[in-house]
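Each residue of the sequence shown is one higher than the one before, starting from 677 at the first, in the working numbering. All C-beta atoms, glycine included, are put in the ideal place defined by N, C-alpha and C.
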Amino acid sequence: MVKSFCGKIWNFSAPDKAKVDEVKSIVRGNLLAKILVNRGFSGADEANNFLNAKLRNTIPDPSLLLDMDKAVGRVIEAIYKKQNIMILGDYDVDGVTSTALMIKYLRLIGINPEYYIPNRFSDGYGVSQNAVSKALEKQANLVIAVDAGTNSNVEIDIAKQQGIEFVILDHHTQVSAELPKAVAVVNPSRNDQNEIGFSHIKNLCAAGVVFLFLIALQRKLKENGFFTDKEVPNLLNFADIVTLGTLCDVMELRGMNRAIVKYTLAHDQYSLGIRSLMSAFNIEKISSPEDLAFFIGPAINAAGRVDDPQVALNLLLEEVPERSQKIAACLIEFNKKRKSVENKLLADAMDMIAEQNLATKRGICVYGEGWNEGVIGIVAGKLKDKFQKPTFVISFGDNGVGKGSARSVSGIHLGQFLQKSNSAGITVGGGGHALAGGFSIQKDKIRDFCQFIEEQIEGEFINALDIDYTLTAMSDLDAIYEEISPLEPFGKGVEKPVFCFKRIRVSNIRRSNSGGHLFLDFSGEFGNGSIRAAIFHINSKKEFVDQINKNADALLDIAGTISYSAQYDSSIIIEDARISQKETGTCAS
């Protein structure tokens, strides 16, 4: 097998012709039909529901979620009895956005709740004992836990004994056989929760679950005549915050998720806090999900990673422009600090992998004393991307207890894996999603954990790049971009199509003014046609760029996605390249 400059094996798709023909009956163009089949849409109805996802046909009746009516009933009881409500969130983007949604809505209807976001370093994740103590301190009668709580059986029992009731609005995988003894546990990932039509509720982040809860709550309040003398809030004004949580928690963009992201991008109406960060990043307009996921989200996340997540929540709650701008500037500085800490930890982890030859293991586990817990998840993600294996990064404190973060590849469900390691007495409190998770572990269990990884993780993980379609230097990129545009917005589950250009030559290479990007021009083997291309963020792709420069005179195959801008029209964003072979595989084209 021929490996590319990035060390990958290229897989050229060959979609089933019968499925392509069926999907082609409802779309324009053979190319679009093939890519839809490549993304798992095997029938016309399924593809049609995806392409035409709108809020009105993807948002399910919230009452179809288990415990939703119980949750609404208990919150309404607290509102009418004027009981003290506390919102308990989490320190990542999904947790912050979920918390902000609840607070903003309750304030709009005249309720001023208490709220608390745990500190990653002093409190730990979710419904911790510290969080319960904070609820007692604030004299809360009812705690609404968002983006947490599903697996906090012990802590919620303790709270209940002290007179505090819980409503849980979460989306994390249920680890324990029994749910906590809360008034209600609204979670699409409950073991007993079924899917609802084409809504894809199993893919909702916590912000999406909260959004459904607010729909149900407002519906019931209307029935009760609550808004007789009050203005009814427009819940669609919260779409941008739900979108931010959805993209930054890397949820699949299908069903309701796709609809709400499409709505947000189309309407271009953002809350003050998001607009303040856009201004700080010199972003005039959010043109794609990447603008939110790669700029706005990391700045909000940075508060919880290196300082206090309350700062990020303050940004989303702030209503005075001047103060909002100051908070945004603070988050930018946090993000710079986060990048510096992350780069140092990543270098330490790479040294450990090289010294212990960990790249040959089924899963990669690295650990260190005092590693910053706020960035171990990012580092785990980067190592997973590089080695294409489940990756576990652990930071040990002075007390011998390690906090771990994990990232996985398709086929290995981390939530289930950590459930097994908990049951085996190796990790403590482990849980998460299919592709991401967190856990605690005693230092004397690290050898057992590494052995457990080798025993439990099966299969060979190939560092592969899937190619959707082969083009030539003569291809009309503008026309191709227009044909695939109905797939937008791109994201998890509907990744950008990757195209291959075979047997082409580099005709020009130049750096951007900032020096951080590389621009290239390609022509066909015999000089026919011309392709404008770019490699972004070359400082983190040194080996790849060196290979491009070294082989600039050779015939190359390049792989990349098509990007469009009003300034440059269509161009290729290069993801990989390799020396051309006489036979490089076949691809429907």
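Worksheet item: Which same chain residues, not among the five before or five after Phe1115, have their C-beta less than 6 Å away from its C-beta?
Response: The beta carbon of Phe1115 sits closer than 6 Å to the beta carbons of Gly1080, Leu1094, Thr1103 and Gly1106 from its chain, once the five residues preceding and following it are set aside; these are given in chain order.
Worksheet item: Distance, Cα to Cα, Asn725 vs Gly873?
Response: One C-alpha to the other measures close to 10 Å.
Worksheet entry | 7 Å Cβ shell around Cys881 - same chain, five flanking residues per side excluded | Correct list, in chain order: Asp770, His847, Gly921, Thr922, Asp925 and Met927.
Discussion item. Is it the case that the segment 735-743 contacts the segment 858-866, given that we only count it when at least three CB pairs across the two stretches are under 8 Å?
Written reply: Because the criterion of three Cβ pairs below 8 Å is met, the segment 858-866 and the segment 735-743 touch.
Fill in: Cβ-based burial, Phe681 [other Cβ within 10 Å; buried from 16]
Using a 10 angstroms sphere on the CB of Phe681, the tally of other CB atoms reaches 16 or more, which defines it as buried.
Fill in: Alpha carbon of Leu1194 to alpha carbon of Val1221, nearest angstrom
Leu1194 and Val1221 have their C-alpha atoms some 9 Å from each other.
Discussion item. Restricting to Cα atoms, I'd like to know which of Tyr1240, Glu899 and Val1174 is closest to Asp1233.
Written reply: The shortest C-alpha to C-alpha distance from Asp1233 to any of Tyr1240, Glu899 and Val1174 is the one to Val1174.
Worksheet item: Would you call the segment 939-953 and the segment 884-893 in contact, with 3 or more CB pairs under 8 Å?
Response: Contact fails between the segment 939-953 and the segment 884-893, because fewer than three Cβ pairs, one in each stretch, are under 8 Å apart.
Worksheet entry | Exposure of His876, with buried meaning 16 or more beta-carbon neighbours within 10 Å | His876 counts as buried, since no fewer than 16 other beta carbons sit within 10 angstroms of its beta carbon.
Discussion item. With a threshold of 8 Å on Cβ separation, who are the neighbours of Ile1003 within its own chain once the five nearest residues in sequence on each side are excluded?
Written reply: Gly949, Ser952, Val987, Asn990, Leu991 and Glu994, listed in sequence order.
Worksheet item: Residues in its own chain within less than 7 Å of Leu1022 by CB, not counting five upstream and five downstream?
Response: In its chain, beyond the 5 residues on either side, Val1055 and Lys1058 have a beta carbon closer than 7 Å to the beta carbon of Leu1022.
Worksheet item: If you count every other CB in all the chains shown that lies within 10 Å of the CB of Asp1144, and 16 or more means buried, which is it?
Response: By the beta-carbon neighbour count (other beta carbons within 10 angstroms, threshold 16), Asp1144 is buried.
Item to complete: Reducing DSSP to helix, strand and coil, say where Phe1281 ends up.
Response: This structure cannot speak to residue 1281, because the chain is shown only from 677 to 1265.
Item to complete: Taking Leu923 as part of the alpha helix (DSSP H), name the residues at either end of that continuous run.
Response: Ala915 to Cys924 is the extent of the alpha helix (DSSP H) around Leu923.
Worksheet entry | Euclidean distance between Cα positions of Val808 and Phe1072 | If you take the alpha carbons of Val808 and Phe1072, they lie about 25 Å apart.
Fill in: Buried versus exposed call for Ile685 [16 or more other C-beta atoms within 10 Å across all chains shown]
Here Ile685 is exposed, its C-beta having fewer than 16 other C-beta atoms within 10 Å.
Worksheet item: For Thr1237, does the three-state DSSP call read helix, strand or coil?
Response: Reduced to three states, the DSSP call for Thr1237 is strand.
Discussion item. Relative to the C-alpha of Glu1251, which candidate in Asn1227, Lys1226 and Phe1212 has its C-alpha closest?
Written reply: The option with the nearest alpha carbon to Glu1251 is Phe1212.
Discussion item. Does Thr1262 come out as helix, strand or coil in the three-state DSSP assignment?
Written reply: Per-residue confidence for Thr1262 stands at a pLDDT of 40, beneath the threshold of 50, marking its modelled position as unreliable; no derived number is given.
Worksheet item: With a CB to CB cut of under 7 Å and the five nearest residues on each side skipped, what residues in its chain are close to Ile755?
Response: The answer, listed in chain order, is Ile787.
Discussion item. Output needed for Gly931: all residues of its chain with C-beta closer than 6 Å, excluding positions within five of it in sequence on either side, in chain order.
Written reply: By the criterion of a C-beta distance shorter than 6 Å, Gly931 is surrounded in its chain by Thr734, Phe874, Ser875 and His876, once the five residues flanking it on both sides are discounted.
Discussion item. According to DSSP, is Lys1079 part of a helix, a strand, or is it coil?
Written reply: It is a strand residue.
Worksheet item: DSSP three-state call for Met1150: helix, strand or coil?
Response: Coil.
Item to complete: May I have the straight-line CA-CA distance separating Arg750 from Val859, to the nearest angstrom?
Response: Roughly 8 Å separates the two Cα atoms.
Item to complete: Could you work out which residue in Asp1061, Lys1172, Lys780 and Glu854 is closest to Val886 when comparing CA atoms only?
Response: Looking at the Cα atoms, Lys780 is the closest of the given residues.
Worksheet item: What are the residues that DSSP puts in a beta bridge with Phe1068?
Response: BP columns for Phe1068 point to Cys1041 and Ala1082.
Practice prompt. Find the nearest neighbour of Gly1039 within the set Phe1068, Asn1011, Glu1031 and Val1017, judged by alpha-carbon distance.
Written response: Considering only alpha carbons, the answer is Phe1068.
Discussion item. Applying the 10 Å Cβ sphere with the 16-neighbour rule, what's the burial state of Asp944?
Written reply: Answer is exposed; the Cβ neighbour count stays below 16.
Fill in: Gln815 burial status per 10 Å Cβ neighbour count (16 or more: buried)
Per the 10 Å Cβ criterion, exposed.
Discussion item. For Phe889, which residues in the same chain have their Cβ closer than 6 Å to its Cβ, ignoring the five residues on either side in sequence?
Written reply: Excluding positions up to five away in sequence, the list reads Leu845.
Worksheet entry | Cys1126, enclosing alpha helix (DSSP H) - first and last residue | In the DSSP assignment, Cys1126 falls within the alpha helix (DSSP H) that extends over Ile1122 to Gln1132.
Worksheet item: Which of helix, strand or coil does DSSP assign to Cys1006?
Response: Under the three-state reduction of DSSP output, Cys1006 falls in the helix class.
Worksheet item: Quick one, which of Leu1034, Asn977 and Val1017 has its alpha-carbon nearest Cys1006's?
Response: It is Asn977 whose Cα lies nearest to the Cα of Cys1006.
Item to complete: Would you kindly check if the distance between the Cβ of Glu1134 and the Cβ of Lys1037 is under 8 Å?
Response: Contact: no.
Practice prompt. Pick out whichever of Glu1049, Gln1132 and Asn1098 has its Cα sitting closest to the Cα of Gly1087.
Written response: The shortest C-alpha separation from Gly1087 is found at Gln1132.
Discussion item. Assuming contact is defined by CB atoms lying nearer than 8 Å, are Ala1209 and Phe1198 in contact in what I supplied?
Written reply: Judged by beta-carbon spacing, Phe1198 lies within the 8 Å limit of Ala1209, meaning their Cβ atoms are closer than that value.
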